[in-house]
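Structure, as structure tokens:
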Amino acid sequence: METIITIKPVLAVLIALVASLLIMATPKKPNLRETWSILGAVATFLTILSMMPVILSGKALEFTPFVILPGISLKFRVDALGLLFGIIASFLWILVTFYNIGYMRSLKEHAQTRYYFCFAMAIFGAIGVAFSGNLFTLYLFYELITIFTYPLVAHHQDEESYEGARKYMVYLTGTAKSFFLPAIIMTYILAGTLDFAPSGILHGIFPATANPLLVKITYVLYLAGFAKAAMMPFHNWLPSAMVAPTPVSALLHAVAVVKAGVFCTSRVMLSVFGVELMNTLNLGIPTAYVAAFTILMASVIALTKDDLKARLAYSTVSQLSYVILGVALLTPSGVTGGLIHIANHAFSKITLFMCAGSIYVSLHTKKISEMGGIAKQMPFTIAAFSIAAMSMIGVPLVCGFVTKWYLAIGTMQANNKILLVVLLASTILNTGYFFPVIIKTIFGKPREGDPGAKHSGLHEAPVYMVIPLLLTATASVLMGLYPDYFMNIVKSVDPDYLMNTLKAVFTS
Amino acid sequence: MDFLIPNQLNYPILSVLIFAPLAGAIVLFMIRNETVARIWTLLVSLAVFVLSLPLYFNFDPSTTKYQFGEHTAWIPAFNINYTLGIDGISLLLVLLSTFLIPICVLASWKYIDKRVKEFHFCLLLMGSACVGIFSSLDFVLFYIFWEAMLIPMYLLIAVWGGPEKVYASIKFFIYTMVGSVFLLVAMIALYLKVGTFCIPELMTQTHLFSFNFQFWVFLAFGIAFAIKVPMAPFHTWLPAAHVQAPTAGSVLLASVLLKMGTYGFLRFCLPITPNASMYFAPYILIISICSIVYGGYVALGQSDMKKLIAYSSVAHMGFVTLGIFLFNKYGLEGAILQMINHGITTGALFLCVGIIYERSHSRLIADNSGIAKIMPIYIGFFGFFCLSSMAFPGTNSFVGELLVLLGVFTDHKLIGALSIPGVVLAAAYMLHLLQRIAWGKKGKINFPDMNIREVIYLTPLVIFVLWIGFAPGPFLDVMHASVGHLMDQLQTAGAVALVK
Chain A
21 METIITIKPV LAVLIALVAS LLIMATPKKP NLRETWSILG AVATFLTILS
71 MMPVILSGKA LEFTPFVILP GISLKFRVDA LGLLFGIIAS FLWILVTFYN
121 IGYMRSLKEH AQTRYYFCFA MAIFGAIGVA FSGNLFTLYL FYELITIFTY
171 PLVAHHQDEE SYEGARKYMV YLTGTAKSFF LPAIIMTYIL AGTLDFAPSG
221 ILHGIFPATA NPLLVKITYV LYLAGFAKAA MMPFHNWLPS AMVAPTPVSA
271 LLHAVAVVKA GVFCTSRVML SVFGVELMNT LNLGIPTAYV AAFTILMASV
321 IALTKDDLKA RLAYSTVSQL SYVILGVALL TPSGVTGGLI HIANHAFSKI
371 TLFMCAGSIY VSLHTKKISE MGGIAKQMPF TIAAFSIAAM SMIGVPLVCG
421 FVTKWYLAIG TMQANNKILL VVLLASTILN TGYFFPVIIK TIFGKPREGD
471 PGAKHSGLHE APVYMVIPLL LTATASVLMG LYPDYFMNIV KSVDPDYLMN
521 TLKAVFTS
Chain U
17 MDFLIPNQLN YPILSVLIFA PLAGAIVLFM IRNETVARIW TLLVSLAVFV
67 LSLPLYFNFD PSTTKYQFGE HTAWIPAFNI NYTLGIDGIS LLLVLLSTFL
117 IPICVLASWK YIDKRVKEFH FCLLLMGSAC VGIFSSLDFV LFYIFWEAML
167 IPMYLLIAVW GGPEKVYASI KFFIYTMVGS VFLLVAMIAL YLKVGTFCIP
217 ELMTQTHLFS FNFQFWVFLA FGIAFAIKVP MAPFHTWLPA AHVQAPTAGS
267 VLLASVLLKM GTYGFLRFCL PITPNASMYF APYILIISIC SIVYGGYVAL
317 GQSDMKKLIA YSSVAHMGFV TLGIFLFNKY GLEGAILQMI NHGITTGALF
367 LCVGIIYERS HSRLIADNSG IAKIMPIYIG FFGFFCLSSM AFPGTNSFVG
417 ELLVLLGVFT DHKLIGALSI PGVVLAAAYM LHLLQRIAWG KKGKINFPDM
467 NIREVIYLTP LVIFVLWIGF APGPFLDVMH ASVGHLMDQL QTAGAVALVK
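Residue numbers (the working numbering), protein chains in the order written: chain A, 21 to 528; chain U, 17 to 516.
Structure representation (structure tokens):
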């Protein structure tokens with residue numbers, strides 16, 4: 021793969037940092053402060069977008085500002101996989117910034133400067149993760165996300181939020197330090213470098229002479245180290261993190277943070293170990309089983325939750341594992357399905373969370389049982405919610421279907437019937453926990469004592485909030501009708517492998 | 017003198033660095049005005065720092081010999097010489113010492129309001145002794161500086177310390193004196209064996225030392241240095257001394273005094289008693305792991321900011337001894353870099369505690385919690401150094417710890433796995449501290465944020481944290497040759513059969 025040395029990747033990462041510093045410098049002027057957020061988001065998105073044609077033509081952009089030790093450096097590299105995550109995170113940042121303004125101002129939240137600062141810093145971390153060129157850089161930004169999302173989770177500064185934030189920190193930092201860091205050290209000792217494999221996803225960086233047992237241990241350490249991917253048993257921080265304000269749950273705990281987790285997992289599987297080594301050591305299918313277990317368990321737990329955000333959180337836990345399951349299948353369709361789900365889940369789940377937030381702003385409740393019949397007063401929100409929920413279930417014409425299609429073919433390519441059954445079963449479970457919400461809000465009646473019944477003047481949330489969620493819902497539909505936009509990026513991750521083998525399967 | 021490259025500069029740089037602060041200290045007594053005394057000390061220490069910079073720029077990283085050498089006969093009857101010289105192991109420590117003294121002066125500007133002249137006299141004396149310790153190549157000279165360091169440090173704690181200063185200073189003094197006695201015994205034993213006090217010559221005579229001899233000399237060395245480091249279970253003087261010492265005292269104690277122990281291991285134990293070092297290495301690795309985990313665990317439960325940082329020092333220094341006794345390149349270089357890192361980061365944390373103590377007159381976390389809203393700049397600095405202390409990637413400690421961990425995992429995977437809980441604990445106690453200070457339950461406190469002076473003396477430390485964190489090359493390059501030489505010495509000793 022051709023590599024172009026350019027400072028662009030660094031710029032794309034740094035814009036968010038500059039934006040956050042500007043936010044901190046203007047605490048007394050809310051309008052200016054929010055302008056920095058919007059400008060930062062737009063500038064980041066445009067910079068990343070401008071790199072897209074080069075990446076699609078099969079090249080990679082790279083820049084190394086600092087070398088720390090031989091084989092360890094601060095290195096930024098934009099390839100198709102990173103571009104996919106970068107584009108999603110930066111685009112949704114723009115929408116969520118508008119949503120933020122509506123949410124934070126309607127509720128008159130405190131410490132808004134800190135909030136916007138940490139928000140921008142978290143995005144800085146996410147873009148950094150996306151454009152990392154090696155494991156050291158990845159680790160740096162991974163930890164940066166944790167540190168700067170902590171104040172967001174603990175935003176309300178009451179007992180409950182401290183408790184949630186403490187759990188958040190213990191899970192994320194604890195696993196990163198206990199497993200991710202030793203894994204990096206083992207990788208350096210075994211491979212002599214921390215750089216990702218420069219081309220394709222077939223070959224990793226481990227030499228053929230490396231001790232297979234140590235390589236296997238390293239792999240398990242990585243899997244356990246990325247608690248942000250919320251694979252069981254390291255998932256419990258995500259529901260606890262729901263004490264955060266809803267926009268945080270929307271962008272960070274549906275997109276930036278958790279996607280950083282699955283992105284890192286995919287990155288390690290594809291660019292550090294490589295498909296061939298994963299197959300040789302038989303690491304893929306056991307990983308897929310763990311992911312499958314997470315998918316089913318989290319869905320079952322989601323069924324029991326009455327708190328809408330908790331239900332969405334468990335839905336996220338389960339959906340994230342689709343990505344890992346897909347990549348771990350190590351078949352062309354599986355990998356495609358897994359990676360495209362990073363995009364599909366991002367757009368749909370952020371819609372769901374933004375809907376939950378706008379219901380909260382209008383109705384002041386998170387309980388599903390108190391949401392009877394609110395569709396009359398909040399038609400746009402509930403419509404968007406229904407579309408996104410259908411996407412999560414995998415109904416055709418909405419983007420979630422594309423994922424399930426590829427994943428199903430992927431399991432068949434891997435010739436694994438158990439995983440296919442898991443996929444189908446999880447679809448039924450998805451329906452089980454999303455449909456009651458839709459039915460309740462559209463056909464339900466407000467009960468006596470519900471907040472909705474008291475507030476007869478219930479109406480839609482501010483327009484700042486409704487427009488972003490309508491846009492993401494529309495995007496979910498468009499991505500279902502016309503999946504090529506993100507599919508092209510996914511295919512560029514390794515065109516030879518993902519395209520050719522795919523054709524071979526269909527023609528044979 | 018084939019181990020020494022004579023000083024090529026047009027002034028005897030090491031002697032100047034040792035005696036200029038001393039001369040400045042004497043002039044101090046002729047100054048009446050306290051502010052003038054402060055300014056004078058600041059100028060002297062800054063001048064010393066500037067004068068020490070040529071050490072780095074003229075340092076030849078390719079040679080294993082001691083550079084900027086000075087050699088004069090002192091007491092010929094006992095073959096005692098005034099020999100100075102530095103190599104890649106001591107260079108950065110000398111620079112760290114000269115770098116920190118002006119910062120200590122600035123940090124004490126408002127904090128010290130009684131016996132101002134005497135305080136600054138002690139500071140300059142410390143500066144002098146620090147350079148002396150890390151640059152003397154004669155055992156007697158080293159010993160004199162080693163002991164000389166005790167006096168100003170004792171005074172700093174005993175005169176300007178907190179409420180329990182007497183207890184703390186006496187404890188500090190007794191512990192260190194016991195260590196010094198063992199050091200003296202080792203020195204005399206070596207002299208009787210080979211008839212020289214010259215440290216580089218002792219290193220070349222190891223074939224004369226039987227294992228039994230090395231065993232006992234190592235033990236004497238080991239106790240002296242382990243107390244200084246301090247390694248558990250010899251650490252109990254440290255929290256007491258740190259808590260009671262004034263800010264400048266804590267900074268020097270953490271940043272320079274503790275390094276004397278680990279420097280001693282590198283300069284004496286490994287090259288002079290190599291076989292005993294190898295024999296004892298497994299035990300020291302275990303003790304290091306215990307120090308790391310124990311220090312971290314105890315730090316987690318502290319309610320006093322200074323005590324917490326003091327116990328974190330025990331843990332961090334455990335990483336240094338861990339790295340030293342791995343005997344491989346990663347471990348040794350990581351250990352030396354970690355000595356510098358600990359000096360910068362822990363020094364900075366103590367400065368931060370000093371800043372808040374000046375406002376609240378309490379070191380308790382409960383009395384200083386919840387200040388993020390009233391002191392945002394302070395929390396920015398404090399949070400930054402907390403991250404550095406927990407080895408956040410991109411900071412200095414990460415590079416040091418990474419090197420040490422690379423060293424451990426290369427040779428002893430099990431011990432490496434055992435040290436990981438220490439890494440996790442470091443994150444736990446530092447983030448817990450930061451969380452309580454920044455957002456804990458706020459009492460009726462209202463402090464002004466940091467002033468310009470405080471920002472000025474913390475900023476250079478920030479720069480070094482990031483510099484070493486992202487581009488450690490300039491700091492590691494100077495030590496390659498010396499570390500390689502040290503490993504050669506160990507290898508040859510391992511290969512040669514011992515005299516029975």
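Quick reminder that beta carbons are idealized off the backbone N, C-alpha and C, glycines included.
- Taking a contact as a CB-CB distance under 8 Å, the pair S61 (chain U) and G143 (chain U) counts as one, their CB atoms being some 6 Å apart.
- Contact of W455 (chain U) with chain A by beta-carbon distance below 9 Å involves P171, A174, Q177 and Y182.
- In this structure, L37 (chain A) keeps its C-beta atom at 7 Å or more from the C-beta atom of F168 (chain A).
- Within the same chain, G399 and C402 come within 6 Å of L450 (chain U) by CB-CB distance, once the 5 residues on both sides are set aside.
- Look at G101 (chain U) here: in three-state DSSP terms it is strand.
- From the listed residues A:M374, A:E163 and A:G212, the smallest Cα separation to P267 (chain A) is found for A:M374.
- Interface flag for T426 (chain U) against chain A is set, since a Cβ pair is found closer than 7 Å.
- Residue pairing by DSSP places G122 (chain A) in no beta bridge whatsoever.
- Short of 6 Å from the beta carbon of T46 (chain A), and not among the five residues preceding or following it, lie these beta carbons of its own chain, in chain order: L52 and R53.
- When Cβ-Cβ separations below 7 Å define contact, L421 (chain U) makes contact with chain A.
- Restricting attention to A:M507, A:I35, A:S338 and A:Y517, the CA atom closest to the CA of L290 (chain A) is found in A:Y517.
- When secondary structure is reduced to three states using DSSP, Y82 (chain U) falls in the strand class.
- For S93 (chain A), the secondary structure class from DSSP, reduced to helix, strand or coil, is strand.
- Pairing L157 (chain U) with I29 (chain U), the inter-Cα distance amounts to about 17 Å.
- For the set U:P464, U:N357 and U:G277, the Cα lying nearest the Cα of E374 (chain U) is the one of U:P464.
- Distance from the Cα of L421 (chain U) is smallest, within the candidate group U:T114, U:T79 and U:F341, for U:F341.
- DSSP, read as helix, strand or coil, puts P253 (chain A) in coil.
- In terms of Cα proximity to I308 (chain U), the closest of U:M406, U:S113, U:P488 and U:Y98 is U:M406.
- For the 7 Å CB-CB criterion, I243 (chain U) and G195 (chain U) form a contact.
- By the rule that beta-carbons nearer than 7 Å mark a contact, F118 (chain A) does not touch chain U.
- Note that the C-beta distance between T114 (chain U) and Y98 (chain U) is not below 7 Å.
- Per DSSP, E180 (chain U) lies in no alpha helix (DSSP H) and is assigned neither H nor E.
- Under DSSP, I24 (chain A) forms a beta bridge with A:L81.
- Taking a beta-carbon distance threshold of 7 Å, I114 (chain A) does not count as an interface residue toward chain U.
- Not one beta carbon of chain U lies nearer than 7 Å to the beta carbon of I24 (chain A).
- Around the C-beta of S226 (chain U), fewer than 16 other C-beta atoms lie within 10 Å, and the residue is accordingly described as exposed.
- Partner residues in a beta bridge of H130 (chain A), as assigned by DSSP, do not exist.
- When rounded, the separation of the alpha-carbon atoms in Y310 (chain U) and I204 (chain U) is 35 Å.
- Using a Cβ-Cβ cut-off of 7 Å, F216 (chain A) does not count as an interface residue toward chain U, since no Cβ of chain U sits closer than that to its own.
- Looking at the backbone, the Cα of A217 (chain A) and that of V288 (chain A) are separated by about 10 Å.
- The criterion of a C-beta distance shorter than 7 Å is not satisfied by A351 (chain U) and S78 (chain U).
- For I160 (chain U), no chain A residue has a C-beta closer than 9 Å to its own C-beta; the minimum C-beta separation is roughly 39 Å.
- Taking all protein chains shown into account, I509 (chain A) has 16 or more neighbouring C-beta atoms within 10 Å of its C-beta and is therefore buried.
- Taking the Cα of N228 (chain U) as reference, the smallest distance to any Cα among U:F19, U:S293 and U:I96 is reached at U:S293.
- Chain order gives the chain U residues near K197 (chain A) as V439, V440 and A443, where near means a beta carbon separation below 7 Å.
- Interface flag for T193 (chain A) against chain U is set, since a Cβ pair is found closer than 7 Å.
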